[in-house]
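Okay, structure first, notes after.
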Amino acid sequence: MKKLEKVFDVIGEILAVLLVVVYIVAMANAKWGFLDGVPVLEKILNIVIHYGALLLVAVVGLEAMSKRNIILRIIFYLCLAVIVIFLCFPETYNNLIGLIAG
């Protein structure tokens, strides 16, 4: 698992840069609306924003857990599995967004 640390590090760095670019494009689109005529791209941006952050957390977590013992790794894997399973239930996700949005 130690060898995978460098792989996860590179993947995490690439994902972080891509997410920053996506957030910049999304913020610029919110301000100026240059993607209003292309709803498919807006939908893709929204999907990347919602799931990209989770993917980045997973990759960085896998990088961090590659240095830890097996018990901490299993706990992290179980937590990731719970998050992914709950994402399969749209009502749970909508309730969470409703709680955050106020």
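Reminder that position 67 of the sequence shown reads as 87 in this note's numbering, one-by-one numbering, no gaps. Even glycine gets a Cβ: it sits at the ideal position worked out from N, Cα and C. As the structure is a computational prediction, the values presented were derived from the model and not from experiment.
Item                                                                                          : Value
Collapsed DSSP secondary structure at Lys-26 in the structure displayed                       : helix
CB-CB length for Leu-65 against Val-45, believed under 8 Å                                    : 6 Å
Bounding residues of the alpha helix (DSSP H) (the contiguous stretch that carries Asn-66)    : 59-85
Spatial distance of Asp-49 from Glu-33 (CA atoms)                                             : Checking the displayed sequence, the identity of residue 49 turns out to be Asn instead of Asp. Roughly 24 Å separates the two Cα atoms.
Proximity below 8 Å, CB of Ile-67 to CB of Val-42                                             : no
Delimiting residues of the alpha helix (DSSP H) encompassing Leu-98                           : 90-107
With 16 other Cβ atoms within 10 Å as the buried cut-off, status of Phe-54                    : exposed
Cβ separation of Leu-35 and Leu-76, assumed to be a contact under 8 Å, to the nearest whole Å : 5 Å
Ile-90 to Tyr-97 span [Cα, whole Å]                                                           : 10 Å
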